[in-house]
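Last residue of the sequence shown: number 1000 in the UniProt record's numbering, and the count goes up by one each step with no gaps.
Idealized CB from N, CA, C, for every residue including glycine.
Single-structure report; data block below.
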Amino acid sequence: MASLLGQLVFSPNNCYKVWEDPSFFKWRKRDAHVSLHCHDTIEGSLRYWYQCRSLRYWYQRSTGTNAVRWIFWYQSQQFGMTVLFLELLIVQLSGSRVYLLLILCLDIGNSYWLQILPAFLRIFMIVHFRILRGKPYQFLPVGRCMDLIGLFIQILYIHFQLIRLRFLRIIPLVATGCTFAFQKNGKVVGYFLHFQAVDSAFHAWINGVPVGYSQDSRLPAEFEITDSCHPCGSEKKNVLAVQVFRWSDGSYLEDQDHWWLSGIHRDVLLLAKPKLFIADYFFRSDLGKNFSYADLQVEVKIDNSREISKENILANFTLEAALYDNGNGYDDAEVVDLLSTKVAHLEPCPSSDASLGFHGYLLAGKLQMPKLWSAEHPNLYTLVVCLKDASGHLIDCESCRVGIRQISKAPKQLLVNGHPVIIRGVNRHEHHPRLGKTNLEACMVKDLVLMKQNNINAVRNSHYPQHPRWYELCDLFGMYMIDEANIETHGFDLSGNVKHPTQEPIWVSAMMDRVVGMVERDKNHACIFAWSLGNEASYGPNHAALAGWIRGKDSSRVVHYEGGGSRTTSTDIVCPMYMRIWDIVKVANDPTETRPLILCEYSHAMGNSNGNIHEYWEAIDSTFGLQGGFIWDWVDQGLLKDAANGSKHWAYGGDFGDTPNDLNFCLNGVTFPDRTPHPALHEVKYVYQPIKVSLREETIKITNTYFYETTQALEFSWAVHGDGCELGSGILSLPSIEPQSNYEINWKSGPWYSLWASSLAAENFLTVTVKLLQSTRWVESGHVISSSQIQLPAKRDVVPHVEGVPVMLEGILPCFWRAATDNDKGGDAASYLYRWKAACLDNVFFLNESCAIQNKTDRLVKIEVLSLGIAKAAEKPSTVSNESKYSFQGRADVRWVTFQNKAGTGIYASMYDGSPPMQMNASYYTTTELDRAMHNEELVEGDDIEVHLDHKHMGVGGDDSWSPTVHEKYRVPASLYSFSVRFCPITAATSGHDIYKSQL
1 MASLLGQLVF SPNNCYKVWE DPSFFKWRKR DAHVSLHCHD TIEGSLRYWY QCRSLRYWYQ
61 RSTGTNAVRW IFWYQSQQFG MTVLFLELLI VQLSGSRVYL LLILCLDIGN SYWLQILPAF
121 LRIFMIVHFR ILRGKPYQFL PVGRCMDLIG LFIQILYIHF QLIRLRFLRI IPLVATGCTF
181 AFQKNGKVVG YFLHFQAVDS AFHAWINGVP VGYSQDSRLP AEFEITDSCH PCGSEKKNVL
241 AVQVFRWSDG SYLEDQDHWW LSGIHRDVLL LAKPKLFIAD YFFRSDLGKN FSYADLQVEV
301 KIDNSREISK ENILANFTLE AALYDNGNGY DDAEVVDLLS TKVAHLEPCP SSDASLGFHG
361 YLLAGKLQMP KLWSAEHPNL YTLVVCLKDA SGHLIDCESC RVGIRQISKA PKQLLVNGHP
421 VIIRGVNRHE HHPRLGKTNL EACMVKDLVL MKQNNINAVR NSHYPQHPRW YELCDLFGMY
481 MIDEANIETH GFDLSGNVKH PTQEPIWVSA MMDRVVGMVE RDKNHACIFA WSLGNEASYG
541 PNHAALAGWI RGKDSSRVVH YEGGGSRTTS TDIVCPMYMR IWDIVKVAND PTETRPLILC
601 EYSHAMGNSN GNIHEYWEAI DSTFGLQGGF IWDWVDQGLL KDAANGSKHW AYGGDFGDTP
661 NDLNFCLNGV TFPDRTPHPA LHEVKYVYQP IKVSLREETI KITNTYFYET TQALEFSWAV
721 HGDGCELGSG ILSLPSIEPQ SNYEINWKSG PWYSLWASSL AAENFLTVTV KLLQSTRWVE
781 SGHVISSSQI QLPAKRDVVP HVEGVPVMLE GILPCFWRAA TDNDKGGDAA SYLYRWKAAC
841 LDNVFFLNES CAIQNKTDRL VKIEVLSLGI AKAAEKPSTV SNESKYSFQG RADVRWVTFQ
901 NKAGTGIYAS MYDGSPPMQM NASYYTTTEL DRAMHNEELV EGDDIEVHLD HKHMGVGGDD
961 SWSPTVHEKY RVPASLYSFS VRFCPITAAT SGHDIYKSQL
């Protein structure tokens, strides 16, 4: 039967295209399971994880903070993984060009491909060929998106449009291959070919024999290849061939908002196993009263493909497991004897009806006083599962790092170890500016270091399961995680005449396979608190089936899904995206809604954005039932593109000739593609900070929002500034503040009071800074985790003092225009930009009708200029385009500013006559130039500095980027405004601060 099916699937002569059949998505693919490591000894398994845990913040620094250089990072850092390399060949067939990619093992000579090429090509029925290019080899690291090395013609950034499936008959594909041989090993009798991820579908052959087919671009595919390989000791080399399809019917389920990049973008492994081996295992812990002990359970699945009876297995083999505590690898002393760190032993026990998800062999044990895992305290143990023969000899050994923690629900709360933790999260796509979807460990570490440094404690894997190492690192660093199935069907939203996959029985098996594969692979990771059914895939009975399977499989976590309005029965969390602040408060206050609300996406970070994020957190911090959210998103998905003149820029949709495209809608992170922070990331760090400081009446309240951490490991310091100058600073001695507690100080009793009392400044600000006393895995000691500034009470009324002389020889022009941000353009004809242009605000000329001296003294000249604004109307407002501007300029709350040359000569400007603080911008790029350019490198500097001193600006918005969403109180309504600015000359002998003080 399998042979006949193989002929149907692989034969080039039949008309059946498996990649067009939604019901056919795998063939000979093994059941999903946890990542296997195939250890030879127990000590070897402990040593492996002991080395893996040694990552620190300097690790990412040593590999280069410039993501562009990460392409040169090599895999020997990945703790003993096999290193493979790629070689590109071009072969001509019947006048057309076909690209072939060979994977060569290091122990094969550089010229060996000449020997295997004919056999390799015969697999694809290619007999006649000639080499077009055979120059010296250029080696690249394993795991590359084919589009980014030229194997596919066009890189695409667009949502997948619904087209007839027969389009896929002209599907682009690429062939890859390698050779390998087996060393003799008496224990090994089975070999398994493991692809960690291939986009979008692929066939595989061993020695010309088809061994499997798989879809799902973000999960592993594993095939047993033992019978297709030459036996151990044979002089023949085994030939592996892989045919990768760029598109398949599975692409309709993978319509995420990111680049369409294809290929073998994660590692390919060859696993060797004995006749009987550990195929899967599921760890679970149940915490006892007061968390003083933990009942441990591991259910183990033994591979029985060799048809050994269960009675013989029980009679001739034993299973055992143990938990080891060898520290988390940062400040622990080096452990010489790893076997001595065992803290719990698990022994076989009869299976009960309350199974852990699959029927196998149950092991149980108990751990007293467990160290609990949380994002604040990511304590991990090493679990080792062993299979031994009747003589006690080790047959097979598998292991992983596990954390002991409890996820539970309470009315309107999600609890971790009994505490309603707050999710301070971001969404994260896998993205490298050179490698695309290929993720390097250095890039993962860089992301986690930056997240932890900016007070981010949670990540949503948007919108697919990510590289297995990412989960290990999140366990290690301490990061709460939503793991999300690779299901998104954006294109169906635009096609009302086509029934949605979630309503179609033919799609349910493919959807279920993606959910099962995710859960089975990742089920032992402590960081995961929720399983997500996918993203933006509408809602239907198929989702109910997915949620039901997860709940039956793993009751230790919650289910998440936003589709269908974020409040269906298929989600345990109310998880809306971009819901407005007043609406999330309304949901939280709804007595009929007993689930907590966690925003799966909010504060859309496209361009200059993330406005009013602090208002979300004022609501979250003060409203029971709100538990945080995930910002959209972490990193701009720009690809580094080289121009003909040697310059580089971050490319987005349309920059590769791709039409249609979604333009710069892939650029909506809080970091640039190379992980340089956007300015908005500083605001994120502030609203996410764990130590809050506030002043009410005469009381300063310092709140510790941690759930498990006291302030004992923190240093508090203070500084007072008067009118912009530091008056004094020092260490603030405080008792240790317990988690979820606060400490209050009368501000007049603080060490800063005497400085305030003697200050002549009009405005005095107190800054309280909180630093780490010890280094951590992700940062050195002295890192600032929180900083708050509060304005101290005014001492006296401010009386304007006149001092000034004429400073301008030319007039000052009014201006009512600035270069538009991405959020200004959201909403097409309803957008702010469209309405501004319709009112001709971008094309106003000013004529000075009169200029008169209003008042003149020895120290002051008040001039009144009457200007007439004339709007030159365009024929019709143009359609708003979504160009990307990476220009973040301007400052708010400016009291005074100086513009001086190198000699110190220049102009001083300040607020005047009761006007509020200004908004200021100074740039060599004119407003016209900022409006014109589409990329940073297109900007042309002017010879002069253009200065804007403004009364008010509309807020940048940030609730989303596709509609006009600036809150009313941050807009500038049509009204009469009065604004005064004062100018005077300044020299090197004068300071701006002294002038400002003299005016008060």
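Inter-residue spacing [alpha-carbon to alpha-carbon] between residue i and residue j
i	j	result
ARG982	GLY992	12 Å
SER285	THR821	50 Å
VAL956	LEU338	55 Å
ALA838	ALA871	10 Å
GLY403	ILE42	19 Å
ILE945	THR898	13 Å
TYR16	ILE264	24 Å
PRO541	VAL574	19 Å
SER462	GLN256	9 Å
GLY212	GLU709	50 Å
PHE25	ALA221	11 Å
LEU792	GLY534	49 Å
LYS856	VAL784	50 Å
VAL802	ILE995	Residue confidence is low: VAL802 scores 32 on pLDDT, short of 50, so the model does not pin down where it sits. Its coordinate-derived value is still stated next. Between VAL802 and ILE995, the C-alpha separation is close to 10 Å.
GLY958	HIS194	42 Å
HIS967	GLU615	10 Å
HIS37	GLU398	6 Å
ILE790	GLY750	14 Å
Integer-rounded CB distance, given that residue j should sit under 8 Å from residue i
i	j	result
HIS525	TYR471	5 Å
ALA588	VAL558	Wrong, their Cβ atoms sit about 17 Å apart, outside the cutoff.
THR926	GLY942	6 Å
ILE422	GLN627	6 Å
Span of the alpha helix (DSSP H), counted from its first residue to its last, around residue i
i	result
GLY517	505-522
ARG460	Run containing ARG460: none in the alpha helix (DSSP H); it sits in the beta strand (DSSP E), 458-461.
MET444	441-453
VAL897	Unbroken run through VAL897 is the beta strand (DSSP E), 896-900; no alpha helix (DSSP H).
GLU618	613-622
SER754	753-758
N- and C-terminal bounds of the beta strand (DSSP E) containing residue i
i	result
LEU695	691-696
VAL844	844-856
LYS837	Unbroken run through LYS837 is the alpha helix (DSSP H), 832-838; no beta strand (DSSP E).
ARG428	423-428
LEU640	639-642
ILE42	Where ILE42 is concerned, there is no enclosing beta strand (DSSP E), although the alpha helix (DSSP H) it sits in stretches over 42-52.
HIS721	714-722
CB of residue i within 8 Å of CB of residue j, strictly
i	j	result
TRP718	LEU732	yes
ILE700	GLU763	no
LEU363	VAL426	no
PHE707	PRO735	no
HIS951	PHE979	yes
ASN417	GLU430	no
ALA32	GLY517	yes
VAL515	ALA485	yes
HIS678	VAL687	no
GLY826	ASP960	yes
ALA698	TRP756	One point to set straight first is that residue 698 is Glu, not Ala, in the sequence displayed. No; because the gap between Cβ atoms is not below 8 Å, this pair is not in contact.
LEU323	GLY436	no
LYS273	GLY190	yes
PHE665	ARG460	no
Heavy atom of the ligand COA within 7 Å of residue i beta-carbon
i	result
ALA819	What this structure holds is no ligand at all, so the ligand COA is not there to describe.
Strand pairing of residue i, partner residues [DSSP]
i	result
THR821	None; THR821 has no bridge partner.
ASN316	According to DSSP, which records beta bridges pairwise, ASN316 is partnered with nothing at all.
THR382	TYR324 and ARG401
SER910	TRP896 and ARG982
ARG551	None, per the DSSP bridge assignment.
LEU597	VAL574 and LEU626
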